[in-house]
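Quick note, the numbering used here runs 1 ahead of the 1-based positions in the sequence shown.
All C-beta atoms in this analysis are idealised placements derived from N, C-alpha and C, irrespective of residue type, glycine included.
Everything on this sheet refers to the single structure shown next.
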Amino acid sequence: MKDQASKLRSLVQNVKKANDQSLVERSKENDKGAYIYTITSGKGGVGKSNFTANLSLALKKQGKEVVIFDADLGMANLDVILGVTPRYNLEHVIQGRKSIEEIMVQGPEGLSLIPGGSGIQELANLSQYQINNLINAFIKIGEKFDIILIDTGAGLAHNVVNFILGADEVIVISTPEPTSITDAYGVIKVISNQDKNVKVKLVVNQSENEREGERIAKRLIKTANNFLNLDIELLGVLPKDNAVVKSVMARSPFLLEFPRSKIARSINNTAAKLIDTKVAKKSQGIRGLFNKLLGF
């Protein structure tokens, strides 16, 4: 790992010495900064990707231009939820065979999806040329969107933590199950130990009712405040709803398939709250994200 980090730092120094504008200088000039949310969870099976897909649609319906970056290596299923079949992924961009625009898939309601695929694993082994191309490609994408939602894998893999630390804010998904709550707190603890200024929002999914979700959230928020000195905001409580299972079977987001369902109303409220409470600070932008991913 140390050799790999040294290699990456060396690559960055080489970029800075290049004859054309350096990568960092170019980023500062061009990275206007879509706001970046990383969506994660302590364990699988909590409805994270379903939440991401439907939240993005709810945000789009409320006037925001949104793109999803599917960074889940293990259980990537956003394509199934959105009913799309990507032909290419980030690996093709890294290899210079496709542009970001060419791998991007258009989902329902014009929603945009960037498939990560095996390209996520290659981020730690990029050449100077590949780093330069990739960051500038993402900067161009960032200029076209208001919000980037990054759907990570569950747990605490190295690339997941870096995606979290590189974002402007992190949304942690938990369910009322004790193991899910414990794992969610574990994620929050790890990222808080690495960045005391991390901004965390909590979503309790698959709750029997609003009261149960709020009770669980209150306990988790209090624990984080007492032991981590971290303030967490409850973003939303989403109910158990058969509409979710039915919509997955139909390969269509529940917000479109069952727009009057309880969970559709909840996701719309969650999106509205996210827009209303977005912090008044400059986005770290794509440069900030890749600084974390590549260990600059």
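In this structure the segment 76-92 does not lie against the segment 162-178, because fewer than three pairs of beta carbons, one per stretch, are closer than 8 Å.
With respect to the C-alpha of Glu102, the residue from Phe70, Tyr130, Ile182, Ser128 having the closest C-alpha is Phe70. When beta bridges are read from the DSSP output, Gln107 appears opposite Ser113. Assignment of Lys200 by DSSP, reduced to helix, strand and coil, places it in the coil class. For Glu234, no alpha helix (DSSP H) run applies; the uninterrupted beta strand (DSSP E) run containing it begins and ends at 233-240, by DSSP. In this structure, DSSP gives Gln207 an extended state, which the three-state scheme calls strand. The DSSP-derived three-state label of Glu66 is coil. In this structure, Gly118 sits away from Ala35, with a CB-CB distance that is not shorter than 7 Å. Taking a 10 Å sphere around the C-beta of Lys44, we find 16 or more other C-beta atoms and assign the residue as buried. Shown here, Thr41 sits in a strand according to DSSP, grouped into three states.
Residue environment for Gln63: exposed (fewer than 16 other C-beta atoms within 10 angstroms of its C-beta). DSSP places Val171 within a strand segment (E or B) once states are collapsed to three. Cβ-Cβ distances below 6 Å link Arg216 to nothing in the same chain once the five nearest sequence neighbours on each side are left out. If only uninterrupted alpha helix (DSSP H) runs of at least 4 residues are considered, those enclosed by the segment 69-99 are 79-83, 91-95.
About 7 Å separates the Cβ atoms of Val85 and Leu114, confirming a contact at the 8 Å cut-off. Secondary structure note for Asp152: its beta strand (DSSP E) is the uninterrupted segment 148-153. CA-to-CA, the gap between Gln96 and Glu66 works out to about 28 Å.
Residue nearest to Pro87 within the set Gly108, Asp147, Gly214 is Gly108 (criterion: CA-CA distance). For Arg252, there is no enclosing alpha helix (DSSP H), as DSSP marks it with neither H nor E. One alpha carbon belongs to Glu258, the other to Leu135, and they sit about 35 Å apart. If you draw a straight line from the Cα of Val245 to the Cα of Glu211, it comes to about 17 Å. Linking Leu157 to Ile37 through their CA atoms gives a straight-line distance of about 19 Å.
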